[in-house]
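Per the numbering used here, numbering through the sequence shown is continuous, rising by one, with the last residue being 325. Where is the CB? At the ideal position from N, CA and C, for every residue including glycine. Because the structure is a prediction, the values reported are computed rather than measured. Shown next, in structure tokens, is the structure this report addresses.
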Amino acid sequence: MEPIDRKTFLATAGAASLAGAAARPSVAAADAQDAVFLSTWHWGMEANRRAAQIRAHGGSLVDAIEKGINVVEDDPNVTTVGYGGYPNAEGEVELDAGIMDGHTHRAGSVCSLHKIKNPISVARLVMEKTRHTTMAGEGALQFAIAMGFKPMQLLTPGALEAWLKWKNTPNHQTFWIDGEHHDTIGMVAAGGGSVAAGCSTSGLAWKLPGRVADSPLVGCGYYADDAAGAASATGDGDVMTNYCTSKHIVQKMAEGMHPQEACADLMRYMARSARELHTNMYCVIAIDKRAEIGALSMNAAQPLQYALWRNGQGALHTAPHFL
3 MEPIDRKTFL ATAGAASLAG AAARPSVAAA DAQDAVFLST WHWGMEANRR AAQIRAHGGS
63 LVDAIEKGIN VVEDDPNVTT VGYGGYPNAE GEVELDAGIM DGHTHRAGSV CSLHKIKNPI
123 SVARLVMEKT RHTTMAGEGA LQFAIAMGFK PMQLLTPGAL EAWLKWKNTP NHQTFWIDGE
183 HHDTIGMVAA GGGSVAAGCS TSGLAWKLPG RVADSPLVGC GYYADDAAGA ASATGDGDVM
243 TNYCTSKHIV QKMAEGMHPQ EACADLMRYM ARSARELHTN MYCVIAIDKR AEIGALSMNA
303 AQPLQYALWR NGQGALHTAP HFL
């Protein structure tokens with residue numbers, strides 16, 4: 003059962019990554035065909051298409067998640083993810099991302115990463131090349147450089163213009179009070195008996211420097227467990243972090259709930275105390291180990307548009323809302 007129908011460079015680790023890919027068993031053709039990808043927002047269509055190509059050529063679900071999200075990170079027209087993402091209050095683009103392998107139950111994430119446009123790829127290397135799970139700020143940047151990533155200017159002319167307009171507006175909004183622009187690319191996948199999840203964002207436009215919300219945090223912005231499924235979240239991450247949204251959904255799927263029911267259970271839990279339920283953006287997606295999916299927004303004012311890839315075809319849908 004699927005929910006019925008808005009807002010609307012990769013630098014590799016070179017030979018090390020190639021060696022890691024070669025060490026993994028190839029994906030059977032049937033498994034590649036059966037893989038299902040579910041992503042947030044309309045840019046998820048291209049992300050899913052790329053992920054499916056990677057899977058069809060023998061890539062793992064983690065490979066597919068990473069490369070699919072790279073597509074959105076590389077797009078300067080997406081102002082909430084990667085290159086072209088709107089900066090913080092000081093004009094610096096800070097990126098967050100996380101990725102999780104449901105088979106190994108390992109995850110990697112980076113927070114407040116500067117000058118590297120593919121944080122999801124850095125997060126994957128944190129997972130695969132270190133004993134850590136999360137790296138942040140200058141340490142994350144130096145790790146990325148050591149892994150072969152090339153620093154670059156992430157602030158595009160369009161993002162700079164928008165920042166200057168905000169900066170020069172008297173009594174402009176700041177995050178001492180409020181703000182806007184909080185979309186992500188969240189992606190979950192199932193195939194061959196495994197699941198995986200990933201998430202990448204530049205966070206809220208004009209955020210206070212150093213702000214980190216749910217997107218890179220294991221169990222909040224993303225979570226994956228082969229025994230149950232995977233989930234990802236998008237919206238007001240400062241609030242959603244406090245509810246460990248993705249872990250909640252996956253736990254409910256582990257207890258037997260359909261992904262759509264698990265998403266609704268999360269919204270019921272949040273509705274007890276989350277602020278501004280009828281106006282704030284709280285949205286989630288989920289997939290179980292059988293590739294059944296769920297997608298839900300809290301309210302009609304902030305609907306969730308999601309992209310689904312199944313049986314070699316992609317489609318864009320609008321999720322139902324809880325309230």
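May I ask you to report which of helix, strand or coil DSSP gives A192? Shown here, A192 sits in a strand according to DSSP, grouped into three states.
Suppose the cutoff is 7 Å on Cβ atoms and the five residues either side in sequence are ignored; what does the same chain contact list for G16 look like? Per-residue confidence for G16 stands at a pLDDT of 34, beneath the threshold of 50, marking its modelled position as unreliable; the derived number appears in the next sentence. Cβ within range, chain order: G150.
So what's M259 in DSSP terms, helix, strand or just coil? DSSP places M259 in coil when its eight states are reduced to three.
Any chance the stretch 199-213 sits against the stretch 83-93, with 3 or more Cβ pairs inside 8 Å? Yes, they touch.
For K209, count neighbouring Cβ atoms within 10 angstroms of its own Cβ and tell me buried if that reaches 16, exposed if not. Looking at its Cβ environment, which holds 16 or more other Cβ atoms inside 10 Å, K209 is buried.
Helix, strand or coil: which one does DSSP assign to F151? Note: F151 maps to coil in three-state DSSP.
Three-state secondary structure (DSSP) of I287: It is a strand residue.
If we count the other Cβ atoms within 10 Å of its Cβ and call it buried at 16 or more, is Q144 buried or exposed? Answer is exposed; the Cβ neighbour count stays below 16.
Do you know offhand how far E94's Cα is from R51's? Cα-Cα distance, rounded: 31 Å.
Enumerate, from N- to C-terminal direction, the unbroken beta strand (DSSP E) stretches of 3 or more residues contained entirely within the stretch 70-145. Qualifying beta strand (DSSP E) stretches, in chain order: 97-103, 108-115 and 136-138.
Beta-carbon contacts of W311 that lie in its chain and below 6 Å, excluding the five residues immediately before and after: Answer for W311: F39, N50 and A54, listed in chain order.
Local conformation of S41 per DSSP, three classes: Of the three classes helix, strand and coil, the one that applies to S41 here is strand, per DSSP.
Proximity test, C201 beta-carbon vs the ligand ZN heavy atom, cut-off 8 Å: For the ligand ZN, the structure offers nothing, since it holds no ligand at all.
Residue nearest to W45 in terms of C-alpha spacing, selected from Q315, M300, Y308 and Y225: Relative to W45, the option among Q315, M300, Y308 and Y225 whose CA is nearest is Y308.
Contacting residues, own chain, Cβ-Cβ under 8 Å from M189 (five flanking each side not counted): In the same chain as M189, and ignoring 5 residues on each side of it, the C-beta atoms closer than 8 Å to its own belong to F39, L40, S41, T42, G46, A49, N50, A53, I67, G70, I71, A199, G200, C201 and S234, in chain order.
Which of the three DSSP states is assigned to W178 in this structure? Only weak support exists for where W178 lies, its pLDDT of 40 falling under 50; the value from the coordinates is given anyway. W178 falls in the coil class under three-state DSSP.
Going by the CB atoms, is the gap between N301 and T281 shorter than 9 Å? Taking 9 Å as the Cβ cut-off, T281 and N301 qualify as a contacting pair.
On the DSSP bridge assignment, give the partners of R292 in chain order. DSSP, once it has assigned bridges, lists no residue as partnering R292.
Applying the 10 Å Cβ sphere with the 16-neighbour rule, what's the burial state of K2? The structure shown does not extend to residue 2, since the chain spans only 3 to 325, so no value can be given for it.
From G104 to A91, what distance separates their C-alpha atoms? Cα atoms of G104 and A91: separation of roughly 36 Å, rounded to the nearest angstrom.
Give me the Cα-Cα distance between D290 and P261, rounded to the nearest whole angstrom. D290 and P261 have their C-alpha atoms roughly 6 Å apart.
Please list the terminal residues of the continuous beta strand (DSSP E) segment that includes R312. Start and end: Q307 to R312.
Nonlocal neighbours in the same chain, by C-beta distance under 6 Å from S125, ignoring five residues either side: At residue 125 the sequence reads Ala, which differs from the Ser that was named. If we look at A125 and ignore the five residues flanking it on each side, its Cβ neighbours are A99, G100, I101, G110, S111 and V112.
Simplified DSSP assignment, three categories, for D65: It is helical.
With H, G and I counted as helix, E and B as strand and the rest as coil, what does DSSP make of H280? Under the three-state reduction of DSSP, H280 is assigned to coil, being neither helix nor strand.
Three-state class that DSSP yields for A31 in the structure shown: Residue placement at A31 is poorly supported in this model, since its pLDDT is 46, which falls under 50; the coordinates are not used for a value here.
What number of angstroms, rounded off, separates the C-alpha of A273 from the C-alpha of V286? Their Cα atoms are separated by approximately 14 Å.
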